Amino acid sequence: GAVVSQHPSRVICKSGTSVKIECRSLDFQATTMFWYRQFPKQSLMLMATSNEGSKATYEQGVEKDKFLINHASLTLSTLTVTSAHPEDSSFYICSATQGAFLNEQFFGPGTRLTVL
Amino acid sequence: KNEVEQSPQNLTAQEGEFITINCSYSVGISALHWLQQHPGGGIVSLFMLSSGKKKHGRLIATINIQEKHSSLHITASHPRDSAVYICAVGLIASGSRLTFGEGTQLTVNP
Numbered sequence: 071g072a073v074v075s076q077h078p079s080r081v082i083c084k085s086g087t088s089v090k091i092e093c094r095s096l097d098f099q100a101t102t103m104f105w106y107r108q109f110p111k112q113s114l115m116l117m118a119t120s121n122e123g124s125k126a127t128y129e130q131g132v133e134k135d136k137f138l139i140n141h142a143s144l145t146l147s148t149l150t151v152t153s154a155h156p157e158d159s160s161f162y163i164c165s166a167t168q169g170a171f172l173n174e175q176f177f178g179p180g181t182r183l184t185v186l
Numbered sequence: 879k880n881e882v883e884q885s886p887q888n889l890t891a892q893e894g895e896f897i898t899i900n901c902s903y904s905v906g907i908s909a910l911h912w913l914q915q916h917p918g919g920g921i922v923s924l925f926m927l928s929s930g931k932k933k934h935g936r937l938i939a940t941i942n943i944q945e946k947h948s949s950l951h952i953t954a955s956h957p958r959d960s961a962v963y964i965c966a967v968g969l970i971a972s973g974s975r976l977t978f979g980e981g982t983q984l985t986v987n988p
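Here the protein sequences come in this chain order: X and E.
Everything in the first sequence is counted per the numbering used here, starting at 71 for the first residue and increasing by one.
Everything in the second sequence is counted per the numbering used here, starting at 879 for the first residue and increasing by one.
Okay, here's the thing in structure tokens:
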């Protein structure tokens, strides 16, 4: 099956710094990538949808200037958490799909972010 | 009311038992996904269904479009099946975007 990787798997940073998380589709071209956030004991919450070559679409309540998403190629999307704060500590997961309708989403392994 | 509801929230079983996890949704969907999340956090896509039934090893997923209901069955359960199982639906109005259930925490004891 299709493989999606994320890097890093775990990151600890100081408050106020920025952190970049990469999401790569390893053996297919991902026309659309999704970024999710998951707090402990909660389900995944969609943060934004990103299509290659265009601006990401953010969900209501997600600050686009704080969570910068770049989908520069069909195999790579990045999420940058700018000026991170402890409340941004969470599990960030990306998924990728080859198409729009009825296409399976392939999930990355996730990135655990801890902001001190 | 959540658009996607799962039951039970928690399930404990003995090794070898037959397990059923249910998912109900309230609006029209394009597809339904069953996902597995292990304690480390990584998510594995188990099934994507738009109708009928699918089987993979000891896992079986069914969907009834008219009743807006899906079930995930695990036969001959094993401790390594212990994980959170998540139902997610692609709403017709949302393209590929998924709406997630709260998940079912399954613990299989040896």
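Glycine is no exception: its CB is placed at the ideal position from the N, C-alpha and C atoms.
Model, not experiment: these values are computed from the prediction.
Contacts around residue i, its chain only, beta-carbon distance under 6 Å, and the 5 residues preceding and following it disregarded
i             : result
residue 145/X : 94, 95
residue 897/E : 891, 952, 955
residue 82/X  : 184
residue 109/X : 160
Assigned secondary structure, residue i (DSSP; H/G/I helix, E/B strand, else coil)
i             : result
residue 157/X : helix
residue 958/E : helix
residue 952/E : strand
residue 943/E : coil
Contacts around residue i, its chain only, beta-carbon distance under 7 Å, and the 5 residues preceding and following it disregarded
i             : result
residue 905/E : 881, 969
residue 85/X  : 154, 155, 156, 185, 186
residue 986/E : 891, 893, 955, 956, 957, 959, 960
residue 100/X : 144, 145, 166, 167, 168
residue 91/X  : 76, 148, 149, 162, 181
residue 903/E : 881, 882, 946, 967
residue 129/X : 116, 117, 118
residue 132/X : 117, 118
residue 940/E : 931, 948, 949
residue 980/E : 884, 887
Residue closest to residue i, alpha-carbon to alpha-carbon, out of the options
i             : options                    : result
residue 140/X : 82/X, 105/X, 85/X          : 105/X
residue 922/E : 182/X, 186/X, 75/X         : 75/X
residue 127/X : 112/X, 103/X, 114/X, 110/X : 103/X
residue 912/E : 919/E, 918/E, 932/E        : 932/E
residue 883/E : 975/E, 915/E, 965/E        : 965/E
residue 935/E : 945/E, 919/E, 903/E, 950/E : 950/E
residue 917/E : 988/E, 886/E, 963/E        : 963/E
Under 8 Å from the C-beta of residue i: neighbouring residues of chain C
i             : result
residue 975/E : Absent from the structure: chain C. Protein chains present are X and E.
8 Å CB neighbourhood of residue i in its chain, flanking five on each side removed
i             : result
residue 152/X : 88, 135, 136, 137, 138
residue 889/E : 897, 899, 982, 983, 984, 985
residue 909/E : 926, 927, 928, 967, 968
residue 942/E : 948
Next item on the list: Select from the segment 919 to 939 of chain E all residues with a C-beta closer than 8 Å to any C-beta belonging to chain X, and list them in chain order.
Entry: 919, 920, 921, 922, 923, 926, 928
Check: Taking the runs of the beta strand (DSSP E) that are 3 residues or longer, which of them lie wholly in the segment 882 to 924 of chain E?
Finding: 882 to 885, 888 to 892, 897 to 903, 907 to 915
Notebook entry, point to check: Which ranges does the beta strand (DSSP E) cover as unbroken runs of at least 3 residues, wholly within the segment 72 to 128 of chain X, from first to last along the chain?
Noted result: 74 to 77, 80 to 83, 89 to 95, 102 to 108, 115 to 121
Margin query: To be precise: take each residue of the segment 78 to 108 of chain X, compare its Cβ to all Cβ atoms of chain E, and keep it if any distance is under 8 Å. Which residues remain?
Written below: 102, 104, 108
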